[in-house]
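Notes follow once the structure below has been shown.
Chains as they are written, first to last, in this note's numbering: chain A, 2 to 380; chain B, 2 to 380; chain C, 2 to 380; chain D, 2 to 380.
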């Protein structure tokens, strides 16, 4: 316990240069003992009973796990471990010998941050400033420009929900920003408009998930997002009858990177190849946008990494059982929007009656569910 | 997930007769695969890298763990698993083949119910009735006789604190009942007196822990009690300056059971041997109580199970670093008090400056810290 | 301020015998000064400006009002004044010289306890025990027999709402108990059944107000009840769609008192006159109940005190704009039910579309709205 | 009620031009009836009983009071009335015929906003954004420059408390900003420093009230400020032992206005007369500040409006029983600070043991309690 407390107190003050030494110590000094594992396995072979099984289980568990559990018991311990894994992930690619440390932390986090322990809270203008400033800081998709912008995103025609964990008080794990509208949106700007009429409308029938942000890099790979969407859908259906359509307005963050180096032959008229790749910042004509939309359909439906789509946002929503519903050109003309997504935004539709079916078809057969309108773009 | 949900919905309705079938299925069908373990161990021996280590770790983890984790993710899942282990423990002694199931559940609970995730809450007359009725039901040391008795125990001169876990809303894990007094108490009855003057006294300097109850049999062996006492001590010191003495008034629940079958030769005058063992219900003279107190000192200090005292309450407090302070005869004349403890109650003293030292001496050297007054009883 | 504080501290300890002296002092020493009033009026006649108007307004305000306002500013002041008026009302009939004191207190209370400052709260099994014990104590219509009975009345098929005022923390002013059913109830017993199935039903369409209790005698004449019913109706319509019928199940507390001394000639067959008046406790035959129901219809529709019905409960609901819907014999066979209401209970129906119309017809023309079924009983 | 609801709905939309018509209607059509008052007075003279007294009381109460009470009963009614009086006060000086309307509103507000109904709440970084944005908007002494400035003022070494009323949810009535320090401050800038070290200090012994703001112009003349200070002192003493000194750092907002037109002969060396009056914005030498401080002592101690000091802030604190403790030159060099207070700030000391005594000496004898240091400045 005393050790746990000491690490919690000092880790966050540790200069970046000394973190590597600490990580290396975790990787080497607190690693498993191979001989002990083999010895335990031998004993189990001779005598496969419960005690010998436990001995193996014990031997394959690195001593650092015990240390992490101790840290987790002191105040701010969980917070420290989450920060620690965040730092670890930054250096992991360059230091593959630390992977075992990451595996152990992730293993613990999967257990501690399991869905049963998360609390869904609505975030609105009555939430504590202490929480709201975190929303501003963590928003990762469409930057929040200060408190006025935040207030606009928490207006009466908007919703925001977050998952919290008891050990990270006032510190959200993941949150989603939502617009309640009367039509599936085709562009971002109207949703972020500060001066719009926020008064509740009768005709509201559509829930637009336009931003989902994970808050802690140290929790990468611990999936909350799909639970969040499902819980929020339930919550909103309880709050308001008349909500029929659940849809995203999402970027295609890998599109432009693929575009600039892909072989576009046969995908687009020769005279447009240059234009669709022209530097961000140029005025873009509408025929170019038509070409971009077609190319984006190709990118989302045909370009894979392994069995699954290359684009990370597509993987997330399609994996959740959503369907690719519409592709809109010139939908996000912010610099980030053009640099990453070529200005394109996409609607993924959550058809509650079909989620399970699409989810399974996606993972079992690699099948991407897409609307006819999107499929037609491939012709 | 669907399976988790199904089990959660149906387990609690399962007739007792079918539980055994379910437990057996967990023990056998969801057990580890020995061949797979040995195969993984062989591969690791040939190639002791991370992937092969993970393969063993995976193989020694029984498939039921995955099932339990699924259950834990659905609403009421944690509650179901805690109830399940409660039932399991009832049949474990008669069915030792289920031990592996218990080990797996306990392993998960230690992770999920770790101290970092517990919330300390004060229980008082402003607490929700939903919580208070649980306090009445769970009190395991000195029965609470309805709501009037409860209210008396939550008076202004009393305190009650409980640990809660986010997955068991409104359902305490463990709680402690406390009296604030101006002297170390020597008997139970005045503490439970309904008609006492409850108004806050100036002279209060003593905190008496007179009842600690674990609420869920399914959480047996997951230790909260010592954290609870430590957190409560901190909480009370913040609330009130002037609190100097932290002490229990505890039963000696194993005393009489030992007494009736022990060899008392040399421990007590021959003519009293019969009398100290006489059936509960007889009027007891004071010289007999003197003898009982001496015998109890012997029982607490000398009678061991392994290296440690036989009495479970003594093990708990001494293990926490408390000191055996006083032994009082005729201190609890309730039927339960006489049947289990021979009417005796004991003060364990928590001397905050010495807790660590005593705790270590106890576990390292098996040394029981006791006051001179108690040691003198052995002469 | 110091005086206000002193009175608040000591008033509640005042022996009953000294209260009269205190009240008399309020009535005489703290009364208006007639000469000053007349002098102010003369000045105003000569010079009817704002200053002289204020002078009269000041002169007609008894000095005790200033004292009461001081008391109201110290902690527990409001509570003290409410208790004070409660005591005052007990002795008012015998001491009419205290009426002016009562008028002043009531005048203040109407201002302080105005509807804009009341808070509607739902009472359920999650409410603080501190509040719930007050519900048990204050229930004035159908006694609550301890905490088990209370819990039953707060089951999932029940509702309870109360008005609170910020100066009387945790102490309700008035509360209503409600059953959610699938039919208009005809008798009390099924509603108070402890062993009933409480699980929420699909078919629920009826809201039954079966008990309304004012909590503080000192607030007599400050009307909250009708606001309470209206707010609760709104609250429930928000919570549950499908609620169609809002109805009471009410006693007729003045019926039997009227019955035993009324001239029943022509109202009931001669051979039944004795029987309808027979002492409470006898078994009652069904033909007698038929006669009682007819007599009760006569009592409710025809027997007046001034322009309005004699029965206080009838006055309350009819004044709120409810309609007299049904009269049920043998509907409350408790001792109180038979002693006051001859065992009869009545449904008053709140038809939201007609409340205003009935309310006005009642107060403007003294017209009692009653269903055809009830009117037919008069033939 | 319907009328009340209509006015509440439409008043806030009323164009400024139509407000005067509305106010005139309140003043004339809803005024008292002089004949009725005189008639009632005559009857009372002939027959000075309770009924005739009530008749006068009724007659001197203008019908608009009844209207205001109705408005107060509908949702947002209180808020509407407070806004209404705010507007009324803006036009009162130019329209003295509206004074009776103001008197009636103020009369009601004194009753409704009495101290017994106010709730003291701590404001900190966990408060709802909805409340915090009001703090930014209402701060009237030292402007809050956005959310970063606000957060700094709510740091761990700061406190902020507000009074709330149940009818104005989330909308403070008055609030005070506080610094916890280890010395009586001599200048403003260090208190408002954003970059300071906020960590809690051991040596904290001084509570500095450096800003008190009333939030609603419509509540002018309803005094909360002195209760606020007293309640906050109690609250802080409970929170932290070791707080010894309670002091303000206050502006002298009437000083410069007096200075520029006062006859300074004999108060200051002739050659400085020009200099102390020189336009704001010039660099000020230290000998000029010495002169200003002397002149300010004279202004605070000798310059009266009626019996009491001319300066409004001085009147407030001295009226509360504070003592004039120190006068600091060049203590607030903001434009507002120099324009109103000549850059001077003042400490008023709340000596809890002497408050009552000073308060009475001030109001009974017009005596201003001042420290020797301040008195010496007059020599």
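Just so it is clear, CB atoms sit at the ideal spot from N, CA and C, and this is done for glycine as well.
### Task
Find out if the Cβ-Cβ distance for the pair residue 157 of chain C, residue 200 of chain C is shorter than 8 Å.
As a first step, residue 157 of chain C is located in the third chain; it is residue number 156 there, counting from the start. As a first step, residue 200 of chain C is located in the third chain; it is residue number 199 there, counting from the start. Taking 8 Å as the Cβ cut-off, residue 157 of chain C and residue 200 of chain C qualify as a contacting pair.
### Query
Hey, is the stretch 267–279 of chain C in contact with the stretch 306–320 of chain C, meaning 3+ C-beta pairs nearer than 8 Å?
no
### Query
Is DSSP giving residue 378 of chain C helix, strand or coil here?
Taking the third chain and counting its residues from 1, one reaches residue 378 of chain C at position 377. Note: residue 378 of chain C maps to coil in three-state DSSP.
### Task
State the Cα-Cα distance for the pair residue 354 of chain D and residue 120 of chain C, rounded to the nearest angstrom.
The count along the fourth chain starts at 1 and reaches residue 354 of chain D at position 353. The count along the third chain starts at 1 and reaches residue 120 of chain C at position 119. Rounded to the nearest angstrom, the two C-alpha atoms are 39 Å apart.
### Message
Taking CB distances under 8 Å as the criterion, tell me whether residue 79 of chain C reaches chain D.
### Response
The residue labelled residue 79 of chain C in the question sits at position 78 within the third chain. Residue 79 of chain C counts as touching chain D.
### Task
Using beta-carbon positions only, say whether residue 302 of chain A and residue 371 of chain A come within less than 8 Å of one another.
If you number the first chain from 1, residue 302 of chain A lands on position 301. If you number the first chain from 1, residue 371 of chain A lands on position 370. Cβ distance < 8 Å, so residue 302 of chain A and residue 371 of chain A count as in contact.
### Query
chain D beta carbons: is any one of them nearer than 8 Å to that of residue 38 of chain C?
Translated into positions along the third chain, residue 38 of chain C becomes position 37. Yes, residue 38 of chain C lies at the interface with chain D (some Cβ there is under 8 Å from its Cβ).
### Query
Going by DSSP, which residues form a beta bridge with residue 122 of chain C?
To locate residue 122 of chain C, count along the third chain from 1; it is residue 121. Assignment of beta-bridge partners to residue 122 of chain C by DSSP yields C:163.
### Cβ-Cβ distance between residue 369 of chain A and residue 363 of chain A below 8 Å
Translated into positions along the first chain, residue 369 of chain A becomes position 368. Translated into positions along the first chain, residue 363 of chain A becomes position 362. It is a contact, given that the beta carbons lie within the stated cut-off.
### Query
Cβ atoms of residue 162 of chain B and residue 235 of chain B: under 8 Å apart, would you say?
The sequence position of residue 235 of chain B within the second chain is 234, counting from 1. The sequence position of residue 162 of chain B within the second chain is 161, counting from 1. No, these two residues do not count as a Cβ contact at 8 Å.
### Message
Tell me which residue opens and which closes the beta strand (DSSP E) that residue 213 of chain C is part of.
### Response
The residue you call residue 213 of chain C lines up with position 212 of the third chain. Start and end: 207–215.
### Query
Is it true that the stretch 78–96 of chain A meets the stretch 185–204 of chain A, where meeting means three or more beta-carbon pairs spaced less than 8 Å apart?
no
### Task
Could you round the C-beta distance between residue 252 of chain B and residue 342 of chain B to whole angstroms and report it? I think they count as a contact, below 8 Å.
To locate residue 252 of chain B, count along the second chain from 1; it is residue 251. To locate residue 342 of chain B, count along the second chain from 1; it is residue 341. With a Cβ gap of about 4 Å, residue 252 of chain B and residue 342 of chain B count as contacting.
### Query
For residue 382 of chain B, does the count of other Cβ atoms within 10 angstroms reach 16, so buried, or fall short, so exposed?
This structure does not reach residue 382 of chain B, given that chain B is present from 2 up to 380, and the question cannot be answered.
### Message
Using the three-state DSSP reduction, which class does residue 342 of chain C fall into: helix, strand or coil?
### Response
Residue mapping note: residue 342 of chain C aligns to position 341 of the third chain, counting from 1. Helix, per DSSP.
### Task
Identify the contact partners of residue 195 of chain B in chain C, using a Cβ-Cβ distance below 8 Å as the criterion.
Here the question's residue 195 of chain B lines up with position 194 in the second chain. Ordered by position in chain C, no residue passes the 8 Å Cβ test against residue 195 of chain B, which lies about 15 Å from the chain.
### Query
Beta carbon of residue 140 of chain C, beta carbon of residue 224 of chain C: below 8 Å?
Against the third chain, residue 140 of chain C aligns to sequence position 139. Against the third chain, residue 224 of chain C aligns to sequence position 223. Residue 224 of chain C sits away from residue 140 of chain C, with the two beta carbons spaced by 8 Å or more.
### Query
Just to confirm, are residue 69 of chain D and residue 122 of chain D a CB contact at a threshold of 8 Å?
Residue mapping note: residue 69 of chain D aligns to position 68 of the fourth chain, counting from 1. Residue mapping note: residue 122 of chain D aligns to position 121 of the fourth chain, counting from 1. The answer is no: Cβ separation not under 8 Å.
### Residues bridged to residue 349 of chain C (per DSSP)
As a working mapping, residue 349 of chain C is identified with position 348 in the third chain. In the DSSP output, where bridge partners are listed per residue, residue 349 of chain C has C:325.
### Query
Going along chain C in order, which residues have a C-beta closer than 7 Å to the C-beta of residue 86 of chain B?
Locating residue 86 of chain B in the second chain gives position 85, where the first residue counts as 1. Within 7 Å Cβ-Cβ: nothing; residue 86 of chain B doesn't reach chain C, min ~27 Å.
### Message
So that I know if they touch, is there some Cβ in chain D lying closer than 8 Å to that of residue 35 of chain C?
### Response
The residue given as residue 35 of chain C occupies position 34 in the third chain. Yes, residue 35 of chain C counts as interfacial toward chain D.
### Task
Using three-state DSSP, classify residue 63 of chain D as helix, strand or coil.
One-based indexing of the fourth chain puts residue 63 of chain D at position 62. Coil at residue 63 of chain D, not helix or strand.
### Task
With a cut-off of 8 Å on the beta carbons, I'd call residue 378 of chain D and residue 295 of chain D a contact; round off their distance for me.
For this step, residue 378 of chain D is matched to residue 377 along the fourth chain. For this step, residue 295 of chain D is matched to residue 294 along the fourth chain. That pair is a contact at about 5 Å.
#### Entry: Contact list for residue 11 of chain B against chain A, beta-carbon separation under 7 Å
One-based indexing of the second chain puts residue 11 of chain B at position 10. Residues of chain A passing the Cβ test: none, with the nearest at roughly 18 Å.
### Task
Find the residues of chain B that neighbour residue 201 of chain C, judging by a C-beta separation of less than 8 Å, and give them in chain order.
Along the third chain, read from residue 1 onward, the residue named residue 201 of chain C stands at position 200. Within chain B, no residue comes near residue 201 of chain C; the closest Cβ sits about 17 Å away, beyond 8 Å.
### Task
Output, in chain order, the set of chain B residues within a Cβ distance shorter than 7 Å of residue 133 of chain C.
Along the third chain, read from residue 1 onward, the residue named residue 133 of chain C stands at position 132. Within 7 Å Cβ-Cβ: 130.
### Query
At what residue ranges does the stretch 200–287 of chain D contain a whole run of the beta strand (DSSP E), taking only runs of 3 or more?
207–215, 246–249
#### Entry: Contacting residues, own chain, Cβ-Cβ under 6 Å from residue 12 of chain C (five flanking each side not counted)
Here residue 12 of chain C is taken as the residue at index 11 of the third chain, counted from 1. The residues are 81.
### Task
Just mark residue 52 of chain D as buried or exposed, buried being the case when its beta carbon has 16 or more other beta carbons within 10 Å.
For the purposes of this step, residue 52 of chain D is identified with residue 51 of the fourth chain, where counting begins at 1. Classification for residue 52 of chain D: exposed.
### Query
What whole-angstrom Cβ distance do residue 71 of chain C and residue 4 of chain C have, given they're in contact under 8 Å?
For this step, residue 71 of chain C is matched to residue 70 along the third chain. For this step, residue 4 of chain C is matched to residue 3 along the third chain. Indeed, because the Cβ distance is near 6 Å, the residues count as touching under 8 Å.
### Task
Could you please give the first and the last residue of the uninterrupted alpha helix (DSSP H) stretch that includes residue 177 of chain C?
What you label residue 177 of chain C is simply residue 176 of the third chain in a count that begins at 1. According to the DSSP assignment, residue 177 of chain C belongs to no alpha helix (DSSP H) but to the beta strand (DSSP E) extending over 175–182.
### Message
Within 8 Å, do at least three Cβ pairs link the stretch 35–46 of chain D to the stretch 104–111 of chain D?
### Response
no
### Query
Does residue 153 of chain B have its Cβ less than 8 Å from a Cβ in chain C?
Here residue 153 of chain B corresponds to residue number 152 of the second chain, with the count starting at 1. Chain C, which has no Cβ nearer than 8 Å to the Cβ of residue 153 of chain B, makes this no.
### Query
Would you say residue 118 of chain C faces chain D, with C-beta separation under 8 Å as the test?
The sequence position of residue 118 of chain C within the third chain is 117, counting from 1. Residue contact check for residue 118 of chain C against chain D: a CB pair falls below 8 Å.
### Message
Can you list, in chain order, the residues of its chain with a C-beta nearer than 7 Å to that of residue 111 of chain B? Leave out the 5 residues immediately preceding and following it.
### Response
In the second chain, counting from the first residue as 1, residue 111 of chain B sits at position 110. Once the five neighbours on either side are set aside, the close Cβ partners of residue 111 of chain B are 223.
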